[in-house]
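Undergrad:
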Amino acid sequence: MLSVHDLRVSYGAVEAISGVSLEVPDGAVTAVLGANGAGKTTLLRTITGLVRPRSGRVAYDGVELTSLRAEEIVRRGVAHVPEGRGVIQDLTVDENLRLGALWRSDRDDRKKALEEVYELFPPLDTRRRQSAYTLSGGERQMLAIGRALMARPKLLLLDEPSLGLAPLITAQIMALLRQLSSESGLTVLLVEQNARSALSIADQGIVLALGKVVVTAEASRLAEDEDLRHHYLGF
Amino acid sequence: MHEFVSFTLSGVTQGMIYSALAMSLVLIWRGTRIVNFAQGAMGMITTYVAITVVDRGDSYWWALVIAILAGVIIGGLVELVLVRPVESKPPLNAVIVTLGLLILLEAIAGMVWGGRYRSFPPAFSVQGVFVGSSRINLSPFDIFTICAVLAVMVGLLVLFRWTSIGLRMRAAAFEPEVARLLGVRVGRMLTLGWALAAGAGSLAGLLVAPNVFLYPSNMDAVLVYGFTAAILGGLDSPVGALIGGLGIGLALSYIGGYEGASLETIGALVILIALLMVRPEGLFTRVAPRRV
Ligand SMILES: Nc1ncnc2c1ncn2[C@@H]1O[C@H](COP(=O)(O)OP(=O)(O)OP(=O)(O)O)[C@@H](O)[C@H]1O
Ligand SMILES: [Mg+2]
Chain R
1 MLSVHDLRVS YGAVEAISGV SLEVPDGAVT AVLGANGAGK TTLLRTITGL VRPRSGRVAY
61 DGVELTSLRA EEIVRRGVAH VPEGRGVIQD LTVDENLRLG ALWRSDRDDR KKALEEVYEL
121 FPPLDTRRRQ SAYTLSGGER QMLAIGRALM ARPKLLLLDE PSLGLAPLIT AQIMALLRQL
181 SSESGLTVLL VEQNARSALS IADQGIVLAL GKVVVTAEAS RLAEDEDLRH HYLGF
Chain S
1001 MHEFVSFTLS GVTQGMIYSA LAMSLVLIWR GTRIVNFAQG AMGMITTYVA ITVVDRGDSY
1061 WWALVIAILA GVIIGGLVEL VLVRPVESKP PLNAVIVTLG LLILLEAIAG MVWGGRYRSF
1121 PPAFSVQGVF VGSSRINLSP FDIFTICAVL AVMVGLLVLF RWTSIGLRMR AAAFEPEVAR
1181 LLGVRVGRML TLGWALAAGA GSLAGLLVAP NVFLYPSNMD AVLVYGFTAA ILGGLDSPVG
1241 ALIGGLGIGL ALSYIGGYEG ASLETIGALV ILIALLMVRP EGLFTRVAPR RV
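Respectively, the protein sequence lines represent chains R and S.
Counting in the numbering used here, the first sequence runs from 1 upward without gaps.
Counting in the numbering used here, the second sequence runs from 1001 upward without gaps.
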């Protein structure tokens, strides 16, 4: 289980996260929602060691992550698909994917993971040697998720995967995340502005506003409760 | 005609040396976005290391190996000790560090080995080879120079394109933050990049020394030529460095040959300034937008 306790993060004088505590249960999909500037990206970047918190704790499976570097945290089973996807455009599709598993010493399993990702995303399979620069937005998102899966993570963090994607593609990505969680027991922490699609697949919803948790509830309740929806999610 | 062939041959040989230096500058630029003004001086120091080995009576080849290893070690140490602290600082800090290192290394060389000009032995004869009955302006050492630089370039190409360490180095250079999320130990990759670059710079120093003698500032002009070559190639492109080096080598050889050797340095500066004005991104940079 991932647990965040009383986390505070600031950029200079600006406090982006002001005392956030939350728990992400294993094997479930947790959605983190909130408006622009709520601190969603900062939360994920702090969990994976790209940003150092001012205070507070982040523990995963009993290991304190705030003292580890980003490159070590992925070795603990936490993969992060960053905002904007982070596809490396100067590399090919195949290189991007292989990069995701290079730290693992099991060569055979790296190969196996690669073929699994290609099976999961057929559009990538036909573009193995193509530069990632040539991919469409949807294909890039597939590449980013596939690359994160190459690490065989236990916990997958995604920062606005629906950004800039057509509704149909967004729905496919969401369905895939749901499937990965239900079938392989992957824990998913999904940051989204697109509350409706995120809640459609999530088990739990957490709403952030101005760096604080304002609501934690079952996703279905959050989606149904009109007051909550109007007040915090704007739909 | 004979003259033209002769200038062309010497241009190619010199150009390969500039390519090697340009390649080191490109490697470092790609990894850390720093222009290493001390690259030439680092090659000068390792050439002194080589001549010390030769003076002790050991073979040229042994000296070559030691000098390149010394370069690799110095490059890695420089990154770890001097560059790492300024990597996240404004670019000017890094400029000052590498310029400071240039002056420091030249001063150290002067203190340790003295400021006098020394001849450096070539690996092979520097007399032109015979084609039919006429001697052409291409010596066995020139051929060695061309082959050695090409071998290093091919080696680097193979490393970057076809090995997993090369893949990690490229990722660290292009997108350090994403690379870290994927488990790449970016700091180590940057150290390795500086080490390899300095190895290539050492080779350039060894190859240039028989032509220009060895003294503490013997690489200053070569650095300007190598830098011009790297800019010509777009600073980001290893292939650009190769072609840029050849271009500068040929241009300087024609200028020196037809107009007089004293114009060579000025020629390089004119090319550099013209280039920076006309096409600051270099001739071999992809013009297409990189980020979406
Ligand atoms: N690198 C930074 N330097 C300074 N301030 C920052 C930086 N990154 C984020 N902030 C500030 O921190 C706050 C939270 O930003 P964050 O990017 O975490 O929000 P977000 O919820 O991800 O927003 P969005 O939905 O727009 O992506 C904002 O006020 C933002 O301006
Ligand atoms: Mg964000």
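The beta carbon of each residue, even a glycine, is placed where N, CA and C say it ideally should be.
As the structure is a computational prediction, the values presented were derived from the model and not from experiment.
Please name the residues in the stretch 1161–1182 of chain S whose beta-carbon is closer than 7 angstroms to at least one beta-carbon of chain R, in chain order.
TA: Within the stretch 1161–1182 of chain S, the qualifying residues are S1164, L1167, R1168, R1170, A1171, F1174, E1175, E1177, V1178, R1180, L1181 and L1182.
Undergrad: Just the C-alpha distance for F1144(S) and F1124(S), rounded to the nearest angstrom, thanks.
TA: 8 angstroms
Undergrad: So with Cβ pairs under 8 angstroms, would you call L149(R) a contact of chain S?
TA: no
Undergrad: Let me see if you follow: with CB-CB separation under 8 angstroms, is R1135(S) close to chain R or not?
TA: no
Undergrad: Taking CB distances under 8 angstroms as the criterion, tell me whether R98(R) reaches chain S.
TA: yes
Undergrad: Could you name the residues of chain S that I75(R) contacts, counting a contact when the two beta carbons are closer than 8 angstroms?
TA: First, the amino acid is wrong: residue 75(R) is Arg here, not Ile. The answer, in chain order, is G1183.
Undergrad: Is the shortest distance between the beta-carbon of P82(R) and the beta-carbons of chain S less than 8 angstroms?
TA: yes
Undergrad: Check whether the Cβ of G86(R) lies closer than 8 angstroms to any Cβ atom in chain S.
TA: G86(R) counts as touching chain S.
Undergrad: With a 10 Å radius around its C-beta and 16 neighbouring C-beta atoms as the bar for buried, classify R1168(S) as buried or exposed.
TA: buried
Undergrad: Distance cutoff 8 angstroms, beta carbons only. Does L102(R) sit that close to anything in chain S?
TA: yes
Undergrad: Whole angstroms is fine: what's the gap from V78(R)'s alpha carbon to K154(R)'s?
TA: 6 angstroms
Undergrad: Strictly closer than 7 angstroms from CB to any heavy atom of ligand 2: give me those residues in the order they appear in the chain.
TA: That gives K40(R), T41(R), E83(R), D159(R), E160(R) and V191(R).
Undergrad: Taking only heavy atoms of ligand 4 into account, decide whether any of them is closer than 7 angstroms to the Cβ of Y1060(S).
TA: This structure simply doesn't include ligand 4; it includes ligand 1 and ligand 2 instead.
Undergrad: By how many angstroms is the C-alpha of V32(R) removed from the C-alpha of A1179(S)?
TA: 25 angstroms
Undergrad: Counting only the same chain and skipping the five closest in sequence on each side, list residues whose C-beta sits under 8 angstroms from that of A209(R).
TA: G34, A35, A38 and Y232
Undergrad: Under 8 angstroms, do Q89(R) and S131(R) count as touching if we go by C-beta distance?
TA: Between Q89(R) and S131(R), the gap from beta carbon to beta carbon is short of 8 angstroms.
Undergrad: Below 8 angstroms between beta carbons: does that hold for G1249(S) and Q1014(S)?
TA: yes
Undergrad: State the Cα-Cα distance for the pair G205(R) and R221(R), rounded to the nearest angstrom.
TA: It is roughly 9 angstroms from the alpha-carbon of G205(R) to the alpha-carbon of R221(R).
Undergrad: One question on the structure: do V1012(S) and L1246(S) come within less than 8 angstroms of each other, judged by their Cβ atoms?
TA: Yes, the Cβ-Cβ distance between V1012(S) and L1246(S) is below 8 angstroms.
Undergrad: Under 8 angstroms, with one C-beta from each stretch per pair, do the stretch 119–134 of chain R and the stretch 82–97 of chain R reach the 3-pair mark?
TA: yes
Undergrad: Excluding the five sequence neighbours on either side, which residues of its own chain have a C-beta within less than 7 angstroms of the C-beta of A1216(S), listed in chain order?
TA: Checking the displayed sequence, the identity of residue 1216(S) turns out to be Pro instead of Ala. Once the five neighbours on either side are set aside, the close Cβ partners of P1216(S) are M1044, E1106, A1109, G1110 and G1115.
Undergrad: Would you check if the distance between the CB atom of V1049(S) and the CB atom of D1236(S) is smaller than 8 angstroms?
TA: no
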